[in-house]
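Numbering (our numbering), first residue to last: 282 to 1006.
We put the CB at the ideal spot given by N, CA and C, even for glycine.
To keep things clear, I will list the structure first and then write my remarks on it.
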Amino acid sequence: MSASAPPQVHFRTCNLCEAMCGVRIEVADGRITSIKGDAEDPFSRGHICPKAVALRDLHEDPDRLRHPLKRTASGWERVSWEDALRDISQRLHDLQKEHGPNTVGAYLGNPNVHNLGAMMFGPMLLRALRSRNRFSATSVDQLPHQLAAHLMFGHQLLVPIPDIDRTRYMLVLGANPLASNGSLMTTPDVRARLRAIQERGGKVVVIDPRRTETAAIADQHVFIRPGTDALALFSLLHVVLDGDAHRLGRLAAFVDGLDTVVPLVRDFPPERTAPHTGIAPEVLRGIARDFLAAEGAVCYGRVGVSTQPFGSLCQWLINVLNIVTGNLDREGGALFTLPAFDLIGGPRAFGVGPGSHGRWKSRVRGLPESSGELPVAALAEEILTPGEGRIRALITVAGNPVLSTPNGTQLDTALGQLDFMVSVDPYLNETTRHAHYILPPASLLERGHYDLVFHVLAVRNTAKYSPPVFPAGPDSRQDWEILLELQHRLETLRKGRSVRALLQHQALKRLGPERLLDLGLRMGPYGTRFHPLKQHGLSLAKLRAAPHGIDLGPLKPSLPGRLRNRSKRIQLAPELLVADVARLRAAFPDDAAPREGELLLIGRRHLRDNNSWMHNVPGLVKGRPRCTLMIHPDDASRLGLAEGGSATVRSRVGEVTVPVAVTADVMPGVVSLPHGYGHQRPGIRQQVASAHAGASINDLTDDQALDVVSGNAAFSGTPVQVRPA
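Next up, the structure:
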C-alpha cells in the first residue's frame, strides 16, 4: 500500500460574509482535512468565525446541484449545458421580441458581490437584456447608504467607513457587528476591535430596540422604538448645532448646505422626540456631548436604520453628524478607502457607476429606480398585474427572494405564474423551485476569489487574491462562463451573427475574471501604471506571490480629492432628502403618541446565519433552535405567552407560528424574528434546512411599507398581532 501524499496547504479569503477573514485550508487525498484562521493574514490576523468551516460543508454538500436541471411534467431532469443554454436564450429572445425587452426581469442576490466572476460579467448580461426591470438585494438592505453617498459625495460606493482601530467613541445605531462581522464596515474580529476602543479609554454606545450581542459588550445601550431613529439623530444634531455651532474644521472649505441643515435641526429638540423614540432627553443630550468631547468619534448605522420608512433620512443624518462634528475624513472618525482595484476612481471600464435616482419608475406603483434598479418590493406586483410591460420571464442569480424580500408569500405565488424562469444557483430552494431551468455554477472553492466590493468598504486597505482550492469538474461551469454565454447568445439572436461579436466573445472568454482583475490592479492606485518603478507596482502576479495578502496601510484623509461630484464639494443638504423631512414631521406630530398595546416586529441575525443557504450546513444550524419570537416579559405576561410555548404572529400580509423566547433583551412593545428561515415549502432539495425550517419573517413583512425616497423595503417596525398558538 502506497503512503498518502502529504497534505496541501491553501491560503484563502473566506467569502461567506463581508469580513474577508483569511483561512488556512489543508487538503489531503482530494478532501479538506482542516480549516483554520490564517495567522499571517494582515487583515484578519488569524481570526475566523464559525462560518469558515462551512466552506468545506458547502463544497461537499450532497444537495448542491452539479449539473443543469430542467423542470418537466414528470419532475426535474438532467440536461446538457448546450441544450439548456440554447433553449433558455431562444425562449427569452422570443418573449422579448413579442412583448418588448421589459418583459424579462432579473434579480441578483447578495452572494454576487462575494463573487469575482459574477461582479465582472453579470453587468454584461444585464446590458444584453435591455430591460428596466432589474432588481437586487440592494433594496432590502443598503440602498439608503448608497443613495446618501451618491447625493452627498458623488458616488454610490463612497460610503464613509468607521475608523474603528483609532476611534475613541463609537456610536452604533441599528447595527450588530458582532453578528454581521461589520456589514458595510468590513471588519474581521469586531469583538477585539471594539474591546480595543474601551482599552484605550474610549467608549462604545449602542442605540437599538434589542440588546444585541454588540450592545451586551458596549459601555452603554439605549433602547429606541423601531422606526424613530431619524428623530433621535435629528435630536443629537439639535444639541451638537445648538446656537449654530459646528466643528467643521478643514471641511468648511468644501461643504455646502450647513445653512439649510441648522434650521431643520432646531425643530427636533430631544424633549420633542422623546415621546416617540422612548429615549429620555437627558440621555440623548449626554450622548451628543460625549460625541463632541471625544478625540475622534464616529457614528455608524446599518440594516436596522436602513430598513425602515425613513432609512434614507437616517443614513443622511449619520453622515451629517460625522461631518458637522469634524469627524469625517479624520483619523478616528469616518474615512474613505483607497482600494487596490478602485471601483470608484479607477478606469471607467473597471468601475461601478456613480449612481442615479428616478430616471424611470416602476410600471404599477411608480417607484423610482436607483442606480439602474427598481425596488424589489415591486417585483411581485410587476408579475401579477396584467398589462403592457408585465414581467413574464425572470432570471435570478444567486438569490432567494421568496425568503429575503417583503411579503414573500405573494412573491412565491407570482413566480408560479411566470411564463418562463431561469435560475443560476447551486440549490433547488424556495425560489428556484419555480424555475424552468436551474444552472448550477462550480463550487466557491473551485474558483479564484478577490473581493472587489468589500475592499471598498474595509476598515483597512489590503489586497488579497485566492486561487481555486480544487479544479472544477469536467461538466462544471463557472458563474462568469454561464453569464457570458447567455449574454453572447442573446446578443447573437437579437443582432444576428457577426465576426466582430464572435471575436469579442472569444476575447472575453480568454481573459476571464483573473486577467481583468490583473488589468484593474495594474491601473489602480498601487499598480504599475502609477508606480515609478513598474516592477514594484501591484499586479495579480504580486498577489499570487503573497498568499496571505498585502497590507496597504490604514485609511487616510482623502478629501476633497476623493469626492466624485463635479463641484468637488460635500453636499450637506441634498434637496431630495431635505424635502422628506416634512414627511417625518407628519408621521410623528407633537400631539400623537405610540398606540397602547401595539407590537412592532424587528428582524435579527446570528453569527452563524448569513443567508438562507447557510441553513443547509449542519454545523451552522446545530444547537438550540434560533428561529424564535423574542418578546419582553411584560408583553408575554399580558398576552398569556410562556417561554418554550408557541405564538401565532399576524400582520397585514400573513401569519406564522413560532416558538416563544421570553427575554428582557427586547424593549416592551417589540418582538423579533430572525431573517432567512421558512424552509417548509414543498419541492426544495435542502435536507438540513428542511429539518430546521423555522418561519420566514418575510411572510409577515409588508411589500407596501417602504422608505419612499429610496424604495428600500421597510422591514423594521412591522405592526403585528401576537396570540398563543
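- Distances from the CA of ILE664 to each of GLU654, PRO628, GLN479, PHE701 were compared; the closest alpha carbon is that of PHE701.
- DSSP lists LYS642 as the bridge partner or partners of PRO649.
- Comparing alpha carbon positions, the residue from VAL902, LEU880, LEU573 closest to ARG886 is VAL902.
- In terms of Cα proximity to ARG728, the closest of ALA827, LEU397, ALA387, PRO343 is LEU397.
- When GLU762, LEU767, HIS502 are compared, the shortest CA-CA separation from LEU792 is found for GLU762.
- The shortest C-alpha to C-alpha distance from GLY992 to any of ILE883, SER652, ARG583 is the one to SER652.
- Spanning the alpha carbons of LYS642 and ALA744 requires a straight line of approximately 38 Å.
- Shown here for LEU797: same chain residues with a beta carbon closer than 6 Å to its own, the five before and five after excluded, namely MET401 in chain order.
- ASP446 carries a coil assignment under DSSP once its states are collapsed to helix, strand and coil.
- ASN462 and GLU299 do touch by the CB rule: their CB atoms are close to 6 Å apart, below 8 Å.
- In the three-state reduction of the DSSP assignment, PRO1005 falls in the strand class.
- The three-state secondary structure of GLU654, taken from DSSP, is strand.
- In this structure, ARG506 and HIS557 form a Cβ contact; the two beta carbons are roughly 7 Å apart against a cut-off of 8 Å.
- Pairing GLY680 with TYR450 gives a Cβ-Cβ distance that is not under 9 Å.
- Residues PRO425, LEU454, GLY455, ASP510, ALA511, LEU514, GLY582, VAL586, SER587, GLN589 of the same chain have their beta carbon placed closer than 8 Å to that of CYS595, with the five preceding and five following residues left out of the count.
- The three-state secondary structure of ALA739, taken from DSSP, is strand.
- Spanning the alpha carbons of LEU410 and SER315 requires a straight line of approximately 43 Å.
- If one requires a minimum length of 3 residues, the beta strand (DSSP E) runs lying completely within the region 896-959 are 910-912, 927-931, 936-943, 951-953, in chain order.
- Rounded to whole angstroms, the separation of the alpha carbons of LEU376 and THR493 is 48 Å.
- In the structure shown, LEU346 adopts coil according to DSSP, grouped into three states.
- Burial of GLN967 is indicated by the presence of at least 16 other C-beta atoms within 10 angstroms of its C-beta.
- Closest in C-alpha terms to ILE478, from the list VAL440, GLN787, ALA578, VAL898, comes ALA578.
- From the listed residues VAL421, SER361, ARG847, ALA917, the smallest Cα separation to ARG758 is found for SER361.
- Sorting PRO550, ILE851, LEU517, ALA976 by C-alpha distance to the C-alpha of PHE572 places LEU517 at the top.
- Secondary structure within the region 654-728: the alpha helix (DSSP H) runs of 4 or more consecutive residues, fully enclosed, are 660-665, 682-685, 689-696 (chain order).
- Look at the region 307-354 and you find these whole runs of beta strand (DSSP E), each 3 residues long or longer: 312-318, 350-353.
- When rounded, the separation of the alpha-carbon atoms in ARG553 and HIS527 is 22 Å.
- The beta carbon of PRO899 sits closer than 8 Å to the beta carbons of ASP338, VAL969 from its chain, once the five residues preceding and following it are set aside; these are given in chain order.
- Three or more beta-carbon pairs separated by less than 8 Å are not found between the region 720-727 and the region 606-615, which leaves the two stretches without contact.
- Assignment of LYS790 by DSSP, reduced to helix, strand and coil, places it in the helix class.
- In this structure, the straight-line span from the alpha carbon of ALA574 to that of ASP500 is close to 16 Å.
- Assignment of CYS302 by DSSP, reduced to helix, strand and coil, places it in the coil class.
- In this model, MET433 and ALA418 are separated by some 23 Å (Cα to Cα).
- Runs of the beta strand (DSSP E) spanning 3 or more residues and lying entirely within the region 460-537 occur at 484-488, 501-503, in chain order.
- Inter-residue distance for LEU774 and ALA788 is about 19 Å (C-alpha atoms, whole angstroms).
- Counting C-beta pairs closer than 8 Å gives three or more between the region 533-551 and the region 842-860, which meets the contact rule.
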